[in-house]
Amino acid sequence: MAKPDTVWIVDDDKSIRWVVEKALQKADIITRTFSAGQDFLSALESDLPDALITDIRMPGMDGLELLDKVQQSHPNLPVIVMTAHSDLESAVSAFHGGAFEYLPKPFDIKEVVSLAQRACLHGRQQQNDASRFAVAASEPTPEIIGEAPAMQEVFRAIGRLARSHITVLINGESGTGKELVAKALHRHSPRSKSPFIALNMAAIPKDLMESELFGHEKGAFTGAQARRAGRFEQANGGTLFLDEIGDMPAELQTRLLRVLADGEFYPVGAHLAVKVDVRIIAATHQNLEVLVEQGRFREDLFHRLNVIRIHIPALRERKQDIPLLLRHFLQQAASELGVENKVLKPDAEAYLSTLEWPGNVRQLENSCRWLTVMASSREIHLHDLPPELMSAPIEKDNAGADWEALLRSWIDQQLLIKEPEVAKQTIPIVEAILIKAALDFTHGRRHEASLLLGYGRNTLTRKIKELGIADE
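In terms of my numbering, the sequence shown has 1048 at position 108, counting the first letter as 1, and numbering is strictly consecutive.
(1) Using DSSP's beta-bridge definition, name the partner residues of L1139.
(2) Please state the DSSP three-state secondary structure of R957.
(3) Grouping DSSP H, G and I as helix and E and B as strand, with all else coil, what is M1022?
(4) Could you check how far apart the C-beta atoms of A991 and G1063 are, in whole angstroms? I think they sit under 8 Å.
(5) Buried or exposed, going by whether 16 or more other CB atoms sit within 10 Å of the CB of V1247?
(6) Which term fits P1082, buried or exposed, when burial requires 16 or more other beta carbons within 10 angstroms of its beta carbon?
(7) Within 10 Å of its beta-carbon, does L1241 have 16 or more other beta-carbons around it, so buried, or fewer, so exposed?
(8) Buried or exposed for Q1092, please, with buried defined as at least 16 other CB atoms from any protein chain shown within 10 angstroms of its CB.
(9) For L1392, which residues of its own chain have a beta-carbon under 8 Å away from its beta-carbon, when the five flanking residues on both sides are left out?
(10) Taking Cβ positions, are L1007 and T994 nearer each other than 8 Å?
(11) By the 10 Å Cβ neighbour count, where 16 or more other Cβ atoms means buried, how is P1018 classified, buried or exposed?
(12) Output yes if chain C places a C-beta closer than 8 Å to the C-beta of P1046; else output no.
(13) Are there 16 or more other CB atoms within 10 angstroms of the CB of A1166, so buried, or fewer, so exposed?
(14) Using only the alpha-carbon positions, how far apart do G1209 and G1159 sit?
(15) Nearest to A1169 by CA position, among R1131, P1298, V1370 and V1216, is which residue?
(16) Have a look at A1175 and S1307 and give me their C-alpha separation to the nearest angstrom.
(17) Could you spell out where the beta strand (DSSP E) holding T946 opens and where it closes?
(18) What are the boundary residues of the alpha helix (DSSP H) that includes T1312?
(19) Roughly how many angstroms separate the alpha carbons of K1133 and L1101, rounded to a whole number?
(20) Compare the Cα-Cα distances from Y1042 to each of T1023, E1005 and K1050 and report the closest residue.
(21) Give me, in chain order, the residues of the same chain whose beta-carbon lies closer than 6 Å to that of G1299; leave out the 5 immediate sequence neighbours on both sides.
(22) If L981 and K1009 are in contact, beta carbons under 8 Å, what's the gap, nearest whole angstrom?
(23) Inspect the beta-carbon positions of D1183 and A1138 and report whether they are closer than 8 Å.
(24) Whole angstroms is fine: what's the gap from N1338's alpha carbon to F1154's?
(25) On the DSSP bridge assignment, give the partners of Y1042 in chain order.
(26) Using the beta-carbon count (16 or more within 10 Å), is D1147 buried or exposed?
(27) With distances taken between CB atoms, is the gap from W1297 to L1304 smaller than 8 Å?
(28) According to DSSP, is E1361 helix, strand or coil?
Printed below as a string of C-alpha cells:
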C-alpha cells in the first residue's frame, strides 16, 4: 500500500491553518501545523514531510526566510508559499527562493488541495535529483501593481522566468504596461547587471530602423560622420526590448532572424561581423498569428520569438485593481510635483471604477496627474473629473454592482452637456422601469403590482397610460 502524502502547514493565522488542515485531511493527506517557522524547523530535525505550505508575512521568521533555510537543508522539499500581499515582489521573491508554487490569498481551497498533491508527487520525483540552488530575493518592483487573478499570472510568469535567458513575447493592448513587465523580467534575470535597451519599432522611421538596430560605420551613408553602435551592440550581455515588433518591416525581420540564429550581425557599411550575446524580449498589441497569415510577419521569426508568451490584461479585465492604481498614481504624482496628496471621494472612485479605460493603465496614470494639478481641493469629487472622463462610456456589465453610482454618473453626464430639464427626462424613465419590473414580476396583475410599488390601482393605471407602457 502506498504511503499517504504528508503536508506540514506554517501560518501565524490559526483560522487559515485550520481551514487548510481540514481540507487536506479530507483528501487523505496527513497534516501537521505550526504557528511559527522556528517550530517547523525544530520538528524538521526529526521528521520530514512530503511538502510544506507556508505563509510569507509572519512575525519573527517570515516565510521567505523559512523558505531559504529549507532550501539550504532540504532542497528537494517542495514549498508552497501563501500570501495576502499579492504583488510582484512577493511572487518573484518566492520563485527566486525556490518555491514550488506561489498562492495569493484569498484562494480556492480546492486549488490548495490540488497544489499540495502535485507538490507531494513532485517531491517524490525529485528525491534523487541534485540540490537546487536558492537565489536571494531581488529588489522590489512596486511599479507593477495588481491583485486581480490575471495579474497574479503575470507575476508568476516573471517569477518562473527569473533565472532564465529565454526569449519572451509580451502581448497586450497599448498602455497595459508591457515595457514595465519587460524591465521586471530583465531586473530579475541573471543579466540584471548588464544593460536594458528598449526600441519602439512604431516610433522609428522605416529608413532609420536598420541603423538604429545594427549601428553603422563612419561614411556608411550621408551624414554618418562617425561610427555608431546600434541597439544590439548597446545591449550586449543584457536585454534588448523590441516594442511593437509587429511594425518591423519585412527586410529587417529577415536580419533579426539571422541575428537570433547566429548571434552576430553586420552594422551598416561594415565588412566585419559583430558578435553579441543578447536576450530578446519582444512586445506587441497586434495579433502576430493574423499578421503571419496575411504574409506581413515571417512565420519562422514568429516561432523564434514566441518561445514564452506573457499576456498583459487590459484594465477593464481587472477592474478590482482600479482603486489600488488610482491611489498609487495620485500619491506618485503628488510626490513628483512636490504637492499635497489628493484623495478621491467615494463617488468619484466608484465612477472611475466603472469606466472602460481604453488607454488602460497609461490613461489612468495621466488622469491622476491631471487631477493632482487641476483639482481645486485636496478631496476629489465627481464634479472635479475632466470632461473627457465624464463623457466616457460606462461598462454595462457593472450595472448591478453599484446602480446608484451609475445613475449619478449618467445624470452628471447629462448636466455636463447641459441637457435641458434633466429631472423631467430622468424621473419618467426611472418610473417606467419600476412599473415594468413590477408588472413582469406579477405577470401583468396590476393590483399586485400597485401594492408592491405603493401606488393606488387608479394611479398605476394612469401612469401606465401616461408613460406609454404596453400592456402585455
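Even for Gly, the Cβ is constructed at its ideal location relative to N, Cα and C. Given the structure is predicted, the values throughout are model-derived calculations rather than measurements.
On the basis of the supplied data:
(1) Here residue 1139 refers to the residue found at position 199 of the sequence shown. Beta-bridge pairing links L1139 to L1182.
(2) Residue 957 sits at position 17 when you count from the first residue of the sequence shown. If DSSP states are grouped into helix, strand and coil, R957 belongs with the helices.
(3) Numbered from 1 along the sequence shown, position 82 holds the residue referred to as residue 1022. M1022 falls in the strand class under three-state DSSP.
(4) Position 51 of the sequence shown, counted from the start, is the residue given in the question as residue 991. Position 123 of the sequence shown, counted from the start, is the residue given in the question as residue 1063. The Cβ separation is near 6 Å, so the contact holds.
(5) Within the sequence shown, the letter at position 307 stands for residue 1247. Exposed, because fewer than 16 other Cβ atoms sit within 10 Å of the Cβ of V1247.
(6) The count along the sequence shown starts at 1 and reaches residue 1082 at position 142. Any reading at P1082 needs caution, since the residue's pLDDT is 44, under 50, leaving its predicted position unreliable; the model's value is listed next. By the Cβ neighbour-count rule, P1082 is exposed, with fewer than 16 other Cβ atoms within 10 Å of its own.
(7) The count along the sequence shown starts at 1 and reaches residue 1241 at position 301. By the neighbour-count rule (16 or more Cβ atoms within 10 Å), L1241 is buried.
(8) By one-based count along the sequence shown, residue 1092 stands at place 152. Classification of Q1092: buried, given that the 10 Å Cβ count is 16 or more.
(9) As a first step, residue 1392 must be located in the sequence shown, where it is residue number 452. Answer for L1392: A1378, F1381 and T1382, listed in chain order.
(10) In the sequence shown, residue 1007 corresponds to position 67, counting from 1. In the sequence shown, residue 994 corresponds to position 54, counting from 1. Yes, the pair counts as a contact, with Cβ atoms nearer than the cut-off.
(11) As a position in the sequence shown, residue 1018 is number 78, starting the count at 1. Flag for P1018 reads buried.
(12) No chain C is present in this structure, which holds just one protein chain.
(13) As a working note, residue 1166 is residue 226 in the sequence shown. Under this definition A1166 is an exposed residue.
(14) Taking the first residue of the sequence shown as 1, we reach residue 1209 at position 269. Taking the first residue of the sequence shown as 1, we reach residue 1159 at position 219. Rounded to whole angstroms, G1209 to G1159 spans 8 Å at the Cα level.
(15) Within the sequence shown, residue 1169 is the residue found at index 229, counting from 1. Closest option to A1169, Cα to Cα, is V1216.
(16) As a first step, residue 1175 is located in the sequence shown; it is residue number 235 there, counting from the start. As a first step, residue 1307 is located in the sequence shown; it is residue number 367 there, counting from the start. Roughly 34 Å between the two C-alpha positions.
(17) The residue labelled residue 946 in the question sits at position 6 within the sequence shown. T946 -> beta strand (DSSP E) spans T946 to V950.
(18) Walking along the sequence shown from the start, residue 1312 turns up at place 372. Judged by DSSP secondary structure, T1312 falls within the alpha helix (DSSP H) whose first and last residues are N1300 to M1314.
(19) Position 193 of the sequence shown holds residue 1133. Position 161 of the sequence shown holds residue 1101. Distance between the alpha carbons of K1133 and L1101: 16 Å.
(20) Within the sequence shown, numbered from 1, the residue matching residue 1042 stands at position 102. With distances taken between Cα atoms, Y1042 lies closest to T1023.
(21) Your numbering for residue 1299 matches position 359 in the sequence shown. Once the five neighbours on either side are set aside, the close Cβ partners of G1299 are G1115.
(22) Numbered from 1 along the sequence shown, position 41 holds the residue referred to as residue 981. Numbered from 1 along the sequence shown, position 69 holds the residue referred to as residue 1009. Correct: roughly 6 Å between the Cβ atoms.
(23) Working through the sequence shown from its first residue, we reach residue 1183 at position 243. Working through the sequence shown from its first residue, we reach residue 1138 at position 198. It is a contact, given that the beta carbons lie within the stated cut-off.
(24) Taking the sequence shown and counting its residues from 1, one reaches residue 1338 at position 398. Taking the sequence shown and counting its residues from 1, one reaches residue 1154 at position 214. Residue confidence is low: N1338 scores 49 on pLDDT, short of 50, so the model does not pin down where it sits. Its coordinate-derived value is still stated next. Distance between the alpha carbons of N1338 and F1154 is about 49 Å.
(25) The residue given as residue 1042 occupies position 102 in the sequence shown. Looking at the DSSP output, Y1042 sits in a beta bridge with V1021.
(26) As a working mapping, residue 1147 is identified with position 207 in the sequence shown. The residue in question, D1147, is exposed, as its Cβ has fewer than 16 Cβ neighbours within 10 Å.
(27) Against the sequence shown, residue 1297 aligns to sequence position 357. Against the sequence shown, residue 1304 aligns to sequence position 364. In contact: W1297 and L1304 (Cβ atoms closer than 8 Å).
(28) As a working mapping, residue 1361 is identified with position 421 in the sequence shown. If DSSP states are grouped into helix, strand and coil, E1361 belongs with coil.
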